[in-house]
Every structure is written in C-alpha cells, then in structure tokens.
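One line per chain: the protein sequences are A and B, in this order.
Position 112 of the first sequence, counted from 1, bears residue number 112 in our numbering, the numbering being contiguous throughout.
Position 38 of the second sequence, counted from 1, bears residue number 1038 in our numbering, the numbering being contiguous throughout.
Glycine residues also receive a C-beta, built at the ideal position from the N, C-alpha and C atoms.
A quick note: this is a predicted structure, and the numbers were derived from the prediction, not measured.
Everything below concerns the one structure shown next.
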Amino acid sequence: MKEKKIVPVNENLISAAAVIHSLSWKESHRSFCTPEFIELHSPGHQLEYIKEKIGNGSDFYMLLDPEPVGIVSVTGDLIEDLYVLPDIQNRGYGTELLRYAIDLCKGTPSLWILENNDRAKKLYLREGFRETGRRNMITEGLDEIELSLESENFREE
Amino acid sequence: MIRLCRLNEENRVKAAGLSVKEHQKRFLDSAPGIIAREEIYRDCNGRVYVIENDGEAIGLALVKEFTEEPLGYDLQQFMIDGRYQGRGYGSEALKLILEELSEERHYDQVEVCVKKDDREAIGLYLKNGFKDSGYVDENVPDAINMIRTLNI
C-alpha cells in the first residue's frame, strides 16, 4: 500500500502539486530574486499556472512516497516543472521523476534551465543531457539555456 | 586468491607502502593520501578497500557515495601496486568491488572519474562494463566520467 509511485496529476492532486511547485520554486530562486517576486509565487499563483498549462496540453506527474514529494511536466518532448520539496531533495526523487519523464518523450527529450543553476546543470549532464547552444534572455544578465538528451545515450544498450 | 578487506590496524601500514608505476603516479594520490580519504569522506560513507592477494596487500580502492543526484557510488583511486600489475588482479579486484556494491545496493550505479589520457585505466573500466557518460566536470576538464549500472 505504501509503495512509491508516479501518477498523473488529476483534480485531487493539483493543489498538492501547486504547493510543491511553490515551495521548491521559491527555494531555488531565493538567492537571486527580490523578496516581492519570490512571494508572488504562492501556491494559489502556481495552481493557476499549472491549470493553464494542463489546459494547453501539458501533462503533469507526481511522485508519491506515499505522500506527494515531487512533480514534473511533459509537453511533447519538452520536460519542465521538475520540482521536489526542498527538505527532501537529493534522495533520488528528482532523478526518478526525470527518468520517468524521459521515457514519456517520443523524440529527443529537451529542457531549459537558468544558466546560473549549477546544481541542476550537473544533474542533467550526468544523466546524459548536453547543451544545445540555444538560449533565451530571461532578464538583463540572466539567460535560460537549452539541454537535450544525447541521441547516443549511454544508458541505452 | 584475491579478496577485498576494509582498511584495519593490521593492513594499514602495508597498505600505506603501496605504489603504482612511475608513469601512473600523476593519475592518483599516494597510498597515504588515499588512506586519509576514508576520514575525509566520512560524511558520504567513504571507505577504503585494501585489495589482498593470498593475504598480502597489493592494491587500494576508495568508494564514497554522491550526496547530490543522480545518486550512486563514486569509485576513486583504484590502484594495483606496480610490482603486481599485468596479472589480471585489477579486473579481478574490480569485479569484487562491483559485487560488494551490488550486494550492499544503496544505489544502482557506480561512477568513476578517469583522466582522459589514462588509457590503461579506461581500458580496464571498458572491459568491465563501464561506459563513457559523456559528462565532463568543469572543475576536472581533463577527465571523463564513466558509469556502470549494477546488475539487478
């Protein structure tokens, strides 16, 4: 009964998904965003964001162990919204959600990270992702960069 | 017969005297340096294995665990003393290490960071199921990271 599993985010889970999204987003952006901007990303705000994204065709998934611990979204081959509750990061939940999302992609999985997010970058590189060279400016002096999974992924036999 | 032992009071002095061949010295730390890492990596479950052949210390290996995802074992400083190389002991010892970790099973993968021009080591890891992950640590640009999934 108490086993770990990944399930689609439905109506019953969407509020929990919003809480995870909010807590984790705030934690990861705190060091370089203004307090006002951080507080804007409340669970209510993130709930609207998730609802709108699902409305536009994205699929959200949640890892339960057995309580909600993390989420990820997949839109075609684009992996986004990978968030794990801050207090329980680096226990393998993020990697598990990432590998699950990769398996759902039919083409080459890709994702975007802020260029200053060294921890995320290292995780994705060790999982076989590489920088594609594409980048978008988020604000003055801060870009997001695209990573995609190498076609010759070392995990595949 | 090759077997793995944990570092202990009996094998410590002998282990500290082990050394690779001259041209291999730039690829790893000295034996006392390797032994010291058990203490340094205490927080990430670091342990030094002494590789013994018929009761005699012939090599060393250090295993610690990654504290950031993707989680896994981190194999470092794996060496066979220069006097005992070329007899297949390296492969035999590596197999024992992988068996040990497979049994312990905190994680399902082992990663090893190898200098790009350490062809002997890369050859040994390839022969034992490791693959180049393609990841190069920005802090160690002259090394590749090889990964092996532990058998389930």
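For TYR1135 (chain B), the C-beta contacts it makes with chain A under 8 Å involve LEU125, ARG126 and GLY128, in order along the chain.
Residue-level contact check: GLY94 (chain A) touches chain B, since one or more beta carbons of chain B fall below 8 Å from its beta carbon. Contact with chain A is found for PRO1070 (chain B), since one of that chain's Cβ atoms lies less than 8 Å from the residue's Cβ. Using a 10 angstroms sphere on the CB of HIS21 (chain A), the tally of other CB atoms reaches 16 or more, which defines it as buried. If you look at PHE60 (chain A), you'll find it in the beta strand (DSSP E) that goes 59 to 64.
ALA1036 (chain B) and GLY1046 (chain B) have their C-alpha atoms spaced approximately 10 Å apart. Of B:TYR1089, B:ASP1029, B:LYS1064 and B:LYS1095, the smallest CA-CA separation from ASN1053 (chain B) is found for B:TYR1089.
Residues ALA18, VAL19 and SER22 of the same chain have their beta carbon placed closer than 6 Å to that of PRO43 (chain A), with the five preceding and five following residues left out of the count.
The DSSP assignment places 43 to 55 and 93 to 104 as complete runs of the alpha helix (DSSP H) inside the segment 42 to 113 of chain A, in order along the chain (cut-off: 4 residues). With a cutoff of 8 Å on beta-carbon distance, THR132 (chain A) and LEU147 (chain A) are scored as near each other. Taking a Cβ-Cβ threshold of 9 Å, the residues of chain B close to ASN90 (chain A) are PHE1066, THR1067, GLU1068, GLU1069 and LEU1071, in chain order. The bridge partners DSSP lists for LEU142 (chain A) are A:THR139. Per DSSP, VAL19 (chain A) lies in no beta strand (DSSP E) segment; the continuous alpha helix (DSSP H) that holds it begins and ends at 14 to 29.
In terms of Cβ geometry, SER1091 (chain B) and ASN1128 (chain B) form a close pair [threshold 8 Å].
Here the segment 1055 to 1073 of chain B lies against the segment 1098 to 1117 of chain B, with 3 or more beta-carbon pairs under 8 Å apart. Apart from sequence neighbours up to five positions away, the residues of its chain that approach VAL74 (chain A) with a beta-carbon distance below 6 Å are ASP59, ALA101 and LEU104, ordered along the chain.
Per DSSP, LEU1126 (chain B) lies in no beta strand (DSSP E); the unbroken alpha helix (DSSP H) holding it starts and ends at 1119 to 1127. In the same chain as THR1149 (chain B), and ignoring 5 residues on each side of it, the C-beta atoms closer than 7 Å to its own belong to ASP1108 and GLN1109, in chain order. Proximity of the segment 1015 to 1034 of chain B to the segment 135 to 144 of chain A falls short of the contact definition, fewer than three beta-carbon pairs being nearer than 8 Å. When secondary structure is reduced to three states using DSSP, PHE1066 (chain B) falls in the coil class, being assigned neither helix nor strand. Counting only runs that start and end inside the segment 1013 to 1059 of chain B, the beta strand (DSSP E) elements of at least 3 residues fall at 1047 to 1053.
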